[in-house]
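Reading through the structure tokens given below for one structure.
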Amino acid sequence: WRCGNRMVVSADAELPDRCVKTGRPADGEWADIRLRWHHPALFIVLFINVIVYFIVAHFVSTSVIVRVGIIHDALTSARRARRILWMLLLAGGASCFRAAVGAPLLWWFVAALMVLSALVFFSRGRLIWATRMEHGYVWIAGVHPDYLALLPEWPR
Numbered sequence: 004w005r006c007g008n009r010m011v012v013s014a015d016a017e018l019p020d021r022c023v024k025t026g027r028p029a030d031g032e033w034a035d036i037r038l039r040w041h042h043p044a045l046f047i048v049l050f051i052n053v054i055v056y057f058i059v060a061h062f063v064s065t066s067v068i069v070r071v072g073i074i075h076d077a078l079t080s081a082r083r084a085r086r087i088l089w090m091l092l093l094a095g096g097a098s099c100f101r102a103a104v105g106a107p108l109l110w111w112f113v114a115a116l117m118v119l120s121a122l123v124f125f126s127r128g129r130l131i132w133a134t135r136m137e138h139g140y141v142w143i144a145g146v147h148p149d150y151l152a153l154l155p156e157w158p159r
């Protein structure tokens, strides 16, 4: 189903053989994507500590694997973006370490720039993402409008 600009599916849903990112025929190419979700109020824990947030989110979040059609180019592009993301985060961490041992202020600037750049690649590396999970259904964002147009309206 579709609900506005979101796709609503159950975990065992049979989806059309079309790419969720482009709306074009997927030609039998499928990907199993693990979607995780937790209540947005949990982000308040970020103000306490980032590490505590990740630990709590890991145990509190729910996850589901959804099988979606995806063309090879979209999948390759997302994988490339994730690789670049990790390289930027590692380089940013190394820059922070370099700055902490007494290097010039320039290294802090370089580290901040790399981490901010990583945020761009984080958004490019996600194919689809869950915005809500309840009662066995998942609301998914990042789906192409042409793909959504193929789906019936959410009845509830």
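Under this note's numbering, the sequence shown has 28 at position 25, and the numbering climbs by one with no breaks. Here a beta-carbon is modelled for each residue, glycine too, at the ideal position from N, C-alpha and C.
Residue i, buried or exposed, once every other Cβ within 10 Å from all chains shown has been counted against 16
i, result
"Arg160", "Since the first and last residues shown for the chain are 4 and 159, residue 160 lies out of range."
"Trp89", "exposed"
"Trp33", "exposed"
"Arg159", "exposed"
"Arg86", "exposed"
"Arg21", "buried"
"Leu91", "buried"
"Leu119", "exposed"
"Gly72", "buried"
"Leu93", "exposed"
"Leu130", "buried"
"Ala81", "buried"
"Gly95", "buried"
Backbone CA spacing between residue i and residue j [nearest angstrom]
i, j, result
"Leu18", "Ser66", "18 Å"
"Leu154", "Val12", "10 Å"
"Ala14", "Ala144", "15 Å"
"Gly139", "Ala16", "11 Å"
"Asp76", "Glu156", "29 Å"
"Ala152", "Asp30", "19 Å"
"Ile36", "Phe57", "20 Å"
"Phe167", "Ile54", "As shown, the chain starts at 4 and ends at 159. That puts residue 167 outside it, with no answer to give."
"Asp149", "Gly128", "21 Å"
"Arg83", "Ala60", "26 Å"
"Ile74", "Val123", "22 Å"
Proximity below 8 Å, CB of residue i to CB of residue j
i, j, result
"Ser98", "Ala121", "no"
"Val141", "Val69", "yes"
"Gly7", "His147", "no"
Requested in this report: Answer yes if the stretch 100 to 110 comes into contact with the stretch 49 to 58, meaning at least three C-beta pairs across the two stretches below 8 Å, and no otherwise.
Outcome: no
Query - Validate contact between the stretch 34 to 43 and the stretch 125 to 136 using beta carbons, cut 8 Å, 3 pairs - result: yes
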